[in-house]
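Have a look at the structure below, then the notes.
2 protein chains.
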Amino acid sequence: MSVKLETHWVVGFTDGHGCFHVAINRHPKMKIGYQVLPEFAIVLHKDDIQMLHELKAFFGCGVVRPVQGDRLALRVRSRRHLMRRIIPFFAQHKLKTSKGIDFIRFRKVLHMMERREHLSPTGLETIRRIVEGPVRPERSEE
Amino acid sequence: MSVKLETHWVVGFTDGHGCFHVAINRHPKMKIGYQVLPEFAIVLHKDDIQMLHELKAFFGCGVVRPVQGDRLALRVRSRRHLMRRIIPFFAQHKLKTSKGIDFIRFRKVLHMMERREHLSPTGLETIRRIVEGPVRPERSEE
Numbered sequence: 011m012s013v014k015l016e017t018h019w020v021v022g023f024t025d026g027h028g029c030f031h032v033a034i035n036r037h038p039k040m041k042i043g044y045q046v047l048p049e050f051a052i053v054l055h056k057d058d059i060q061m062l063h064e065l066k067a068f069f070g071c072g073v074v075r076p077v078q079g080d081r082l083a084l085r086v087r088s089r090r091h092l093m094r095r096i097i098p099f100f101a102q103h104k105l106k107t108s109k110g111i112d113f114i115r116f117r118k119v120l121h122m123m124e125r126r127e128h129l130s131p132t133g134l135e136t137i138r139r140i141v142e143g144p145v146r147p148e149r150s151e152e
Numbered sequence: 011m012s013v014k015l016e017t018h019w020v021v022g023f024t025d026g027h028g029c030f031h032v033a034i035n036r037h038p039k040m041k042i043g044y045q046v047l048p049e050f051a052i053v054l055h056k057d058d059i060q061m062l063h064e065l066k067a068f069f070g071c072g073v074v075r076p077v078q079g080d081r082l083a084l085r086v087r088s089r090r091h092l093m094r095r096i097i098p099f100f101a102q103h104k105l106k107t108s109k110g111i112d113f114i115r116f117r118k119v120l121h122m123m124e125r126r127e128h129l130s131p132t133g134l135e136t137i138r139r140i141v142e143g144p145v146r147p148e149r150s151e152e
């Protein structure tokens with residue numbers, strides 16, 4: 011059973027339930043010691059697995075995998091897909107809630123990564139400041 | 011600053027973040043001893059208070075009030091508003107996730123209440139069964 015997803019629905023659903031996340035993880039094998047991992051994710055109850063696949067088809071990218079409990083996530087981690095699919099979509103179709111601010115930060119980090127700025131200590135520090143921003147724990151989807 | 015809300019955006023946002031809830035509370039003053047309280051709610055971080063007012067204007071009903079922590083809710087509890095605004099809107103513009111099932115249950119309870127069935131022990135028991143349905147705790151917005 012396939013549902014047609016309208017652009018505005020996808021924007022609304024992302025405003026309500028999407029997550030633009032940038033992890034900065036320790037990574038001893040990297041020269042700078044840290045790895046920057048941007049991710050666009052939507053986490054849903056397993057009842058809604060079909061919707062995750064619809065969204066995957068809509069964006070033309072991402073991987074659907076289980077997360078803790080009864081939930082599954084559509085995750086887009088490929089930088090190429092983030093740059094070519096996710097960023098252009100939400101740049102053209104503006105988020106209406108303050109999740110739009112998360113998106114702007116996310117895009118800023120990805121653009122810095124395109125310029126390889128995450129590989130220098132100054133760039134990494136700037137990314138950390140962008141990512142940390144104001145704390146809003148209840149935004150977290152997991 | 012006002013944002014125009016498109017119908018599909020509101021449906022997507024509700025699929026992602028809306029809540030159709032029916033509380034059954036003890037109420038000694040009522041003959042049957044219980045009160046049935048259906049509620050449509052959207053809970054957001056206080057940064058998004060403007061959006062709650064936009065949604066209130068969109069639906070033409072509801073009350074915006076603080077909930078615990080840094081959050082606020084738009085709540086529609088008036089049965090008249092639920093029957094005249096919320097139910098017809100989501101009956102016409104179908105939710106796409108399994109939140110649509112929550113909505114169908116919610117509507118079923120409201121229709122029973124219109125027929126005053128919540129005031130009889132049999133009706134109340136039926137409502138309780140409809141409301142309890144399969145347990146999906148991660149759906150809760152609070």
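Going down the list, the sequences are from chains A and B. Note that the first sequence covers residues 11 to 152 in the working numbering. Note that the second sequence covers residues 11 to 152 in the working numbering. For glycine and all other residues, C-beta sits at the position ideal for the given N, C-alpha and C. For clarity, every value in this text was computed on a predicted model and none was experimentally measured.
DSSP has Cys-29(B) in a bridge; who is on the other side?
In the DSSP output, where bridge partners are listed per residue, Cys-29(B) has Ala-51(B).
Taking only three categories from DSSP, how would you classify Pro-76(B)?
In the structure shown, Pro-76(B) sits in a strand (DSSP, three-state: E or B).
Quick check: the segment 87–105 of chain B against the segment 54–62 of chain B, are at least 3 beta-carbon pairs closer than 8 Å?
They do not touch, by the three-pair rule.
Taking 7 Å as the CB-CB cut-off, is Phe-23(A) touching chain B?
True, the Cβ-Cβ gap to chain B drops below 7 Å.
Is the closest heavy atom of the ligand MG to the C-beta of Arg-117(A) under 6 Å?
Looking for the ligand MG in the displayed structure turns up nothing, as the structure carries no ligands at all.
Going by beta carbon distance, what residues of the same chain come within less than 6 Å of His-31(B), once the five residues before and after it are set aside?
Excluding sequence neighbours, His-31(B) sits near Glu-49.
Does any CB atom of chain A fall closer than 7 Å to the CB of Glu-49(B)?
Answer no: the Cβ-Cβ gap between Glu-49(B) and chain A never drops below 7 Å.
Nearest-angstrom Cα distance between Arg-36(A) and Asn-35(B)?
Cα to Cα, Arg-36(A) sits roughly 50 Å from Asn-35(B).
Under 7 Å between beta-carbons, which chain B residues line up against Glu-16(A)? List them in chain order, please.
Neighbours of Glu-16(A) on chain B, chain order: His-18.
Determine the direct distance from the alpha carbon of Lys-39(A) to that of Trp-19(B), and round the result to whole angstroms.
Each residue's Cα considered, the two are about 44 Å apart.
So that I know if they touch, is there some Cβ in chain B lying closer than 7 Å to that of Asp-58(A)?
Answer yes: the Cβ-Cβ gap between Asp-58(A) and chain B drops below 7 Å somewhere.
Please list the partners that Met-40(A) has in chain B, where partner means a Cβ-to-Cβ separation under 7 Å.
Those do not exist, as Met-40(A) stays about 34 Å from chain B at its closest Cβ, beyond 7 Å.
Just verifying my parser: in three-state terms, what is the DSSP assignment at Arg-138(B)?
In this structure, Arg-138(B) counts as helix in the three-state DSSP scheme.
Output yes or no for whether 7 Å exceeds the beta carbon distance between Leu-82(B) and Val-74(B).
Yes, Cβ-Cβ distance for Leu-82(B) and Val-74(B) is below 7 Å.
Who does Ala-67(B) pair with in a DSSP beta bridge?
For Ala-67(B), which the question treats as bridged, DSSP gives no partner whatsoever.
Should Ala-51(B) and Cys-71(B) be called a contact, given that it needs their Cβ atoms to be closer than 7 Å?
It is not a contact, given that the beta carbons lie outside the stated cut-off.
Leaving aside the five residues before and after Phe-100(B) along the sequence, list all residues of the same chain whose C-beta is less than 7 Å from its C-beta, in chain order.
If we look at Phe-100(B) and ignore the five residues flanking it on each side, its Cβ neighbours are Phe-113.
With a CB to CB cut of under 7 Å and the five nearest residues on each side skipped, what residues in its chain are close to Ile-97(A)?
For Ile-97(A), where only same-chain residues beyond five positions count, the Cβ hits under 7 Å are Arg-117 and Leu-120.
I need the DSSP call for Leu-82(A), collapsed to helix, strand or coil.
In this structure, Leu-82(A) counts as strand in the three-state DSSP scheme.
Interface residues of chain A around His-27(B) at Cβ under 8 Å?
Residues of chain A passing the Cβ test: Asp-25, Gly-26 and His-27.
On the CB-based measure, 16 or more other CB atoms within 10 Å of its CB, does Ile-137(A) come out buried or exposed?
Looking at its Cβ environment, which holds 16 or more other Cβ atoms inside 10 Å, Ile-137(A) is buried.
In chain order, which continuous runs of the beta strand (DSSP E) of length 3 or greater are located wholly inside the segment 97–134 of chain A?
Here no run is fully enclosed.
What are the residues in the segment 58–78 of chain A lying within 7 Å of chain B by C-beta distance?
Answer set for the segment 58–78 of chain A: Asp-58 and Met-61.
Judging by CA-CA distance, which residue of Thr-132(A), Arg-115(A), Glu-142(A) and Thr-17(A) is the nearest neighbour of Leu-65(A)?
Comparing Cα positions, the closest option is Thr-17(A).
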